[in-house]
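Using full-length UniProt numbering, read the sequence shown as starting at 1 and increasing by one per residue.
Ideal Cβ placement from N, Cα and C applies to all residues, glycine included.
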Amino acid sequence: MRQNFKIMEAKVRVRFAPSPTGPLHMGGVRTALFNYLFAKKLGGDFLLRIEDTDQTRYVPGAEEYIIESLKWCGLVPDEGLGFGGEYGPYRQSERKAIYRQYADQLVESGHAYYAFDTPDELDVLRKEAEENKTVFSYDLHTRNKLNNSLTLPAEEVQQKIANGDAWVIRFKMPENVDVIEKDLIRGEVKFNTNQLDDKVLFKADGMPTYHLANVVDDHLMKISHVIRGEEWLPSMPLHVLLYQALGWSERPQFAHLPLILKPTGKGKLSKRDGDKMGFPVFPLLWKDPKSGELSRGYREDGYFPEAFVNLLALLGWNAGTEQEFFSMDELIENFSLERVVKSGARFDPEKAKWFNRHYLQQKSDEELAELFKPILAEKEVVADDAKVIRVVAMIKERCEFAHDLWEQGSYFFEAPTSYDEKTIKKKWKAETPDMLREIVAMLKTIENWEAGAVKEQFSAFMNEKGWGFGVVMAPIRLTLVGSAQGVDLFDIFELIGQDETISRIEKAIETIQ
Numbered sequence: 001m002r003q004n005f006k007i008m009e010a011k012v013r014v015r016f017a018p019s020p021t022g023p024l025h026m027g028g029v030r031t032a033l034f035n036y037l038f039a040k041k042l043g044g045d046f047l048l049r050i051e052d053t054d055q056t057r058y059v060p061g062a063e064e065y066i067i068e069s070l071k072w073c074g075l076v077p078d079e080g081l082g083f084g085g086e087y088g089p090y091r092q093s094e095r096k097a098i099y100r101q102y103a104d105q106l107v108e109s110g111h112a113y114y115a116f117d118t119p120d121e122l123d124v125l126r127k128e129a130e131e132n133k134t135v136f137s138y139d140l141h142t143r144n145k146l147n148n149s150l151t152l153p154a155e156e157v158q159q160k161i162a163n164g165d166a167w168v169i170r171f172k173m174p175e176n177v178d179v180i181e182k183d184l185i186r187g188e189v190k191f192n193t194n195q196l197d198d199k200v201l202f203k204a205d206g207m208p209t210y211h212l213a214n215v216v217d218d219h220l221m222k223i224s225h226v227i228r229g230e231e232w233l234p235s236m237p238l239h240v241l242l243y244q245a246l247g248w249s250e251r252p253q254f255a256h257l258p259l260i261l262k263p264t265g266k267g268k269l270s271k272r273d274g275d276k277m278g279f280p281v282f283p284l285l286w287k288d289p290k291s292g293e294l295s296r297g298y299r300e301d302g303y304f305p306e307a308f309v310n311l312l313a314l315l316g317w318n319a320g321t322e323q324e325f326f327s328m329d330e331l332i333e334n335f336s337l338e339r340v341v342k343s344g345a346r347f348d349p350e351k352a353k354w355f356n357r358h359y360l361q362q363k364s365d366e367e368l369a370e371l372f373k374p375i376l377a378e379k380e381v382v383a384d385d386a387k388v389i390r391v392v393a394m395i396k397e398r399c400e401f402a403h404d405l406w407e408q409g410s411y412f413f414e415a416p417t418s419y420d421e422k423t424i425k426k427k428w429k430a431e432t433p434d435m436l437r438e439i440v441a442m443l444k445t446i447e448n449w450e451a452g453a454v455k456e457q458f459s460a461f462m463n464e465k466g467w468g469f470g471v472v473m474a475p476i477r478l479t480l481v482g483s484a485q486g487v488d489l490f491d492i493f494e495l496i497g498q499d500e501t502i503s504r505i506e507k508a509i510e511t512i513q
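Now the structure itself:
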């Protein structure tokens, strides 16, 4: 049967509702991003709600990590934990008093019941089922044989509660009902209640489970659309039935996002994949408060937030054009759930680097110089801004990350301490030292040390000697850089200065045998 609900037509309100059980996975960030884009496209609100009903899995520092991650990505909530709002509190553990009344309402209306089965008793049933090569499920097929308020006299139920016996409240799944629902990404989805179990909604410790708290909070916070990961799709029929059982005629529309897959395309992307293949799966560096283990983050690995957001946006969504680079404003303008795919999206770590390279190239030389300065300071290099800006302009085309600037341009700031053996073997001949000594003598006579002027006099000298440029240019580059890499040789001459150029060549002549 189809559920007769009125879809909410008021202002668009969406929520990102992570659990503080550890660092925020990039899949979670993508869920937040798609919620954010949807809300902003339609002039709605984006909320942050912390779902910490399972206190046994709470990890200190996780909430702060979630908030910092969202801020770094530019996904600042309109309301929620840490951001205020009129529908708080936004941490579920602070809303405990709210949920009990709805659990009681469900019991009174016959849509839920008390269950007193102990964990040990249920384990025995699971093991028996396993031995019989079946699976035990607490559902409409088994509940009438178990220790609950459906099978016990009302007086005994009240006595157990009064005695402080452990209990939970379970949803009473109706028999043989087809729950047919439209998912905004997957189209019509159908579930039969005979295949569903009686989920726990509330526990004796006063805490609801995810299912009850989720539905109650979405209703009270006037959430219009629930956009969440594919793994929550099996929960949708229960949530739809809870809206019906609680008598709420309006409810949100659902959209379930595809998984982010491993680079191989097989299976959900995990931290283990990142560790094995050398890329982060979390937005920020995370230090486990118990083990002290460090997990890499995109921010600390040198990714720009705009590159990270851009790559996440294209994992499961496209604008229907060839465009691949989007600013946040462009993402908001182009985003729609209709263009989110159903199938999993394969993550490519090389494509992630490609995105970062693009955004690095888009930055001005002055911006990149500011990013380079802390790296230079760490290396105890002192350089004026003008030189740093000129160096950045020359080497940025060779870089994917800001930290590549040192690797590509260190020779502008310090002399090489070693020389590439392959280049020596291939380019350093017996006559090279004498030729370089003559070049040094010539370089000492040059008065105008600008690249163009140096090149002109150098060329005249080479022509006078009858030497080919190929004979000396590679050895000179080796003396200045330490390898066969680097930008235009005469630009290096100018930027490191006349005295340093001559000093490096002379040192190499003495060092390289």
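Counting C-beta neighbours from all protein chains within 10 Å, is the total for residue i 16 or more, i.e. buried, or is it exposed?
i: residue 173; result: buried
i: residue 325; result: exposed
i: residue 79; result: buried
i: residue 214; result: buried
i: residue 378; result: exposed
i: residue 511; result: exposed
i: residue 187; result: exposed
i: residue 158; result: exposed
i: residue 220; result: exposed
i: residue 310; result: buried
i: residue 572; result: The question about residue 572 has no answer, for the chain in this structure spans 1 to 513.
i: residue 224; result: buried
i: residue 469; result: exposed
i: residue 251; result: buried
i: residue 148; result: buried
i: residue 345; result: buried
i: residue 60; result: exposed
Taking the beta strand (DSSP E) that residue i falls in, what are its first and last residues?
i: residue 227; result: 225-229
i: residue 180; result: 178-183
i: residue 419; result: Per DSSP, residue 419 belongs to no beta strand (DSSP E) and is neither H nor E.
From which residue to which residue does the alpha helix (DSSP H) around residue i run?
i: residue 139; result: From DSSP, residue 139 is part of no alpha helix (DSSP H); its letter is neither H nor E.
i: residue 239; result: 236-245
i: residue 404; result: 404-409
i: residue 501; result: 498-511
i: residue 520; result: Because the chain is modelled from 1 through 513, residue 520 falls outside the range shown and cannot be assessed.
i: residue 194; result: Where residue 194 is concerned, there is no enclosing alpha helix (DSSP H), given that its DSSP letter is neither H nor E.
i: residue 462; result: 451-465
i: residue 334; result: 328-334
i: residue 478; result: 469-481
Just list the residues that DSSP pairs residue i with in beta bridges.
i: residue 206; result: DSSP lists no partner for residue 206.
i: residue 167; result: Residue 167 is not bridged to any residue.
i: residue 254; result: 183 and 226
i: residue 45; result: 13
i: residue 188; result: 182
i: residue 148; result: 115
i: residue 340; result: 317
i: residue 261; result: 268 and 346
i: residue 200; result: 170
Tell me whether residue i counts as near the ligand PLP, meaning its Cβ is closer than 8 Å to at least one heavy atom of that ligand.
i: residue 480; result: Absence of the ligand PLP from the depicted structure is noted, as is the absence of any ligand whatsoever, leaving it without description.
Quiz prompt | Sequence ranges, beta strand (DSSP E) only - wholly within the stretch 272-306, length at least 3 | solution = Secondary structure in the stretch 272-306: no beta strand (DSSP E) run of 3 residues or longer lies completely within the stretch.
Exercise. Note down, one range per segment and in chain order, each alpha helix (DSSP H) of at least 4 residues found wholly within the stretch 50-99.
Key: Taking 4 residues as the minimum length, the alpha helix (DSSP H) runs contained wholly in the stretch 50-99 are 62-72, in order along the chain.
Self-check item: Cβ pair count under 8 Å reaching 3, the stretch 431-446 against the stretch 485-492
Solution: In this structure the stretch 431-446 does not lie against the stretch 485-492, because fewer than three pairs of beta carbons, one per stretch, are closer than 8 Å.
Quiz item: Are the stretch 232-252 and the stretch 97-107 in contact at 8 Å, needing three or more beta carbon pairs?
Solution: Below 8 Å, enough C-beta pairs join the stretch 232-252 and the stretch 97-107 to call them touching: three or more.
Quiz item: Is it true that the stretch 478-487 meets the stretch 398-416, where meeting means three or more beta-carbon pairs spaced less than 8 Å apart?
Solution: A contact exists between the stretch 478-487 and the stretch 398-416.
Quiz item: Would you say the stretch 69-79 touches the stretch 299-310, given that touching needs at least three Cβ pairs under 8 Å?
Solution: By the criterion of at least three beta-carbon pairs nearer than 8 Å, the stretch 69-79 is in contact with the stretch 299-310.
Practice problem: Output the residue ranges of the alpha helix (DSSP H) runs that lie fully inside the stretch 352-415 and measure 4 residues or longer, sorted by chain position. | Solution: If we require 4 residues or more, the alpha helix (DSSP H) runs fully inside the stretch 352-415 come out as 365-378, 385-395 and 404-409.
Practice problem: Inspect the CB distances between the stretch 272-292 and the stretch 367-382 and report whether three or more fall short of 8 Å. | Solution: No, the stretch 272-292 is not in contact with the stretch 367-382.
Quiz item: With contact counted as at least three CB pairs below 8 Å, one residue from each stretch, are the stretch 192-206 and the stretch 133-146 in contact?
Solution: Contact holds: three or more Cβ-Cβ distances are below 8 Å.
Quiz item: Do the stretch 441-459 and the stretch 496-510 meet, that is, are 3 or more Cβ pairs less than 8 Å apart?
Solution: Contact holds: three or more Cβ-Cβ distances are below 8 Å.
Quiz item: Using 8 Å as the threshold, is the stretch 435-447 in touch with the stretch 412-419, meaning 3 or more CB pairs across them?
Solution: Counting Cβ pairs under 8 Å, fewer than three are found: no touch.
Quiz item: Are the stretch 31-49 and the stretch 330-343 in contact at 8 Å, needing three or more beta carbon pairs?
Solution: Because the criterion of three Cβ pairs below 8 Å is met, the stretch 31-49 and the stretch 330-343 touch.
Self-check item: At least 3 beta-carbon pairs within less than 8 Å: the stretch 45-55 vs the stretch 276-283
Solution: Because the criterion of three Cβ pairs below 8 Å is not met, the stretch 45-55 and the stretch 276-283 do not touch.
Quiz item: Using 8 Å as the Cβ pair cut-off and three pairs as the minimum, do the stretch 204-212 and the stretch 86-100 touch?
Solution: Of all C-beta pairs linking the stretch 204-212 to the stretch 86-100, three or more are shorter than 8 Å, placing the two stretches in contact.
Quiz prompt | contact_flag[the stretch 117-125, the stretch 80-89] where n(CB pairs < 8 Å) is 3 or more | solution = Contact annotation: the stretch 117-125 does not touch the stretch 80-89, with fewer than three C-beta pairs closer than 8 Å.
Quiz item: If we count Cβ pairs, one from each stretch, closer than 8 Å, do we get three or more for the stretch 452-465 versus the stretch 383-392?
Solution: Touching, no.
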